[in-house]
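Residue numbers (mature numbering (1 follows the signal peptide of the UniProt record, and there is no 0)): -23 to -1, 1 to 473. For every residue, glycine included, the Cβ atom is placed at its ideal position computed from N, Cα and C. This report concerns only the one structure given below.
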């Protein structure tokens, strides 16, 4: 009887082992059209998959529920030879051997752009057409030919919309290569029929946003639609290869604030009829752009007339998306009780964990949301990369890195200011946040509010049941417009 049981067990093990071998046989054979690129390539090669065969995989991976996604780093790849991507490469959300069997739409991307943030759509990146194939328990040998290249981005000017590109000597020195600042300038309807000067609103998009953004329909339909007094709107490009640089000077992204204040704004004020005075310069931003607006206002209180921020990124690092980075033993993946941190407020059934989001960024590489914070707040490591705030395997917060972040903690920064500086901030900071912010940013705002309200006059408005996205409502836009008008109506010719 025992011999029979042993024999049956061995048979089962053999079957299971054979299935594993078969599952491990899936591989992608990647080739590149030599008319597209014949030189050696260095960068990341991504294979992106989706069960929805009607969609394009390159628009993934979904950060909430990522589908199969693999990456292989290449250095001086001789593109006359194919490369293989298989189970040995970094994969998300699970190994290639463990993905469900069935039909998939598949695309490959080669990210070789070292200047733009996007790992897919950056200018010059290469990509394949969509391939639909079945992943089975048998051997899977999938051929993918890369034959497309993303073209350089072009700004389409119109009568009242102009793209501006300025060579920055400050940033060029930092990067040791020509480096440009780019913006979109939206002129009021009366600009070409009058000789007056206008107040200027500097708009800073959130993470993933740029001065392009489908020619700025989101700006036109948002804040400008509610504009009752004519202004010039300047939409800044906040992106670097490492993510959203938030217009803060940093070790990894360079002197971004200096280039804005010393080069870009003076150039724009010389080119356009802008009121070149602090009370005529306004800041507006959402999310990461909201943090940027407040950071610039706090650091340059004599340069700007006011900052309006909706759902700003963490202003107080005692609640960095709900994590107190200063607490001893703090962990990015689990709370103080050992429970897995998840985005409970997301309106989806399967709430993503912080661990999943961290793994996603680890697979993609530089330029993603959490990594962009490290690019601004962290010192540069010996390898030339930003030091990581948390261990990507365990989630443990590095206390030394957290201490280095403190100089970008705006609450702590305010506590270090003398009274004469704080007085310059009176009535200049305006924050709007939903009390159900998707990423718990209302917690950070409340901490910041509690401290700042004791130091100077500040406006913070909380909106019941609004989240990170629904906070952008007509009422909020109208309130922002009214606040700016209160200041700008006293300007000479501002209303003519």
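If you look at residue 389, you'll find it in the alpha helix (DSSP H) that goes 387 to 392.
Restricted to the region 272 to 333, the beta strand (DSSP E) segments that are unbroken, complete and at least 3 residues in length are 283 to 287, listed in chain order.
Here DSSP, grouped into helix, strand and coil, assigns residue 358 to coil.
Linking residue 165 to residue 378 through their CA atoms gives a straight-line distance of about 45 Å. In this structure the region 213 to 229 lies against the region 182 to 191, because at least three pairs of beta carbons, one per stretch, are closer than 8 Å. Taken in chain order, the unbroken stretches of beta strand (DSSP E) that lie wholly in the region 78 to 159 and span 3 residues or more are 79 to 88, 103 to 105, 108 to 112, 118 to 126, 138 to 144. DSSP lists 22 as the bridge partner or partners of residue 49. Secondary-structure assignment with DSSP links residue 407 through a beta bridge to 285, 436. Within its own chain, the residues whose Cβ lies closer than 7 Å to the Cβ of residue 130, once the five positions on either side in sequence are excluded, are 100, 189, listed in chain order. Straight-line spacing of the CA atoms in residue 123 and residue 35 works out to 13 Å. Boundaries of the beta strand (DSSP E) harbouring residue 213: 209 to 213, taken from the DSSP string.
Nearest in C-alpha terms to residue 272, of all of 299, 311, 344, 388, is 388. Taking the Cα of residue 19 as reference, the smallest distance to any Cα among 383, 344, 52 is reached at 52. Here DSSP, grouped into helix, strand and coil, assigns residue 424 to helix.
Exclusion of the five residues before and after residue 240 leaves 143, 145, 146, 147, 158 as the residues of its chain whose Cβ lies within less than 8 Å of its Cβ. A direct Cα-Cα distance of roughly 44 Å separates residue 355 from residue 113. Counting of Cβ neighbours within 10 angstroms places residue 357 among the exposed residues, the total staying below 16.
The beta carbons of residue 428 and residue 392 sit about 7 Å from each other, so the pair counts as a contact at 8 Å.
Burial state of residue 75 is exposed, judged by a 10 Å Cβ sphere holding fewer than 16 other Cβ atoms.
The Cβ atoms of residue 414 and residue 444 lie closer than 8 Å to each other. If you compare the alpha carbons of 364, 162, 238 with that of residue 274, the shortest gap goes to 238. Shortest Cα-Cα distance from residue 229 to any of 248, 137, 348 involves 348. Every unbroken stretch of the alpha helix (DSSP H) spanning 4 or more residues and falling wholly within the region 205 to 267 is given here in chain order: 233 to 236, 242 to 248. Excluding residues up to 5 positions away in sequence, 59, 122 lie with their Cβ nearer than 6 Å to the Cβ of residue 8 in the same chain.
Within a 10 Å sphere around the beta-carbon of residue 434 sit fewer than 16 other beta-carbons, which makes this residue exposed.
With respect to residue 183, residue 263 sits close: the two C-beta atoms are nearer than 8 Å. Annotation for residue 363: 229, 351, 352, 355 place their beta carbon closer than 6 Å to its own, counting only its chain and skipping 5 residues before and after. Excluding residues up to 5 positions away in sequence, 80 lie with their Cβ nearer than 6 Å to the Cβ of residue 111 in the same chain. DSSP places residue 346 in the helix class (H, G or I) of the three-state scheme.
By the 16-neighbour rule on beta-carbons within 10 angstroms, residue 290 is buried.
In the three-state reduction of the DSSP assignment, residue 69 falls in the strand class, which pools E and B.
Put simply, the region 169 to 177 touches the region 249 to 256. At least three CB pairs are less than 8 Å apart.
Taking the C-beta atoms as reference points, residue 339 is found nearer than 8 Å to residue 369.
Taking the Cα of residue 421 as reference, the smallest distance to any Cα among 267, 170, 243 is reached at 267. Per DSSP, the beta-bridge partners of residue 5 are 62, 119. Only buried fits residue 27, as 16 or more other CB atoms lie within 10 angstroms of its CB.
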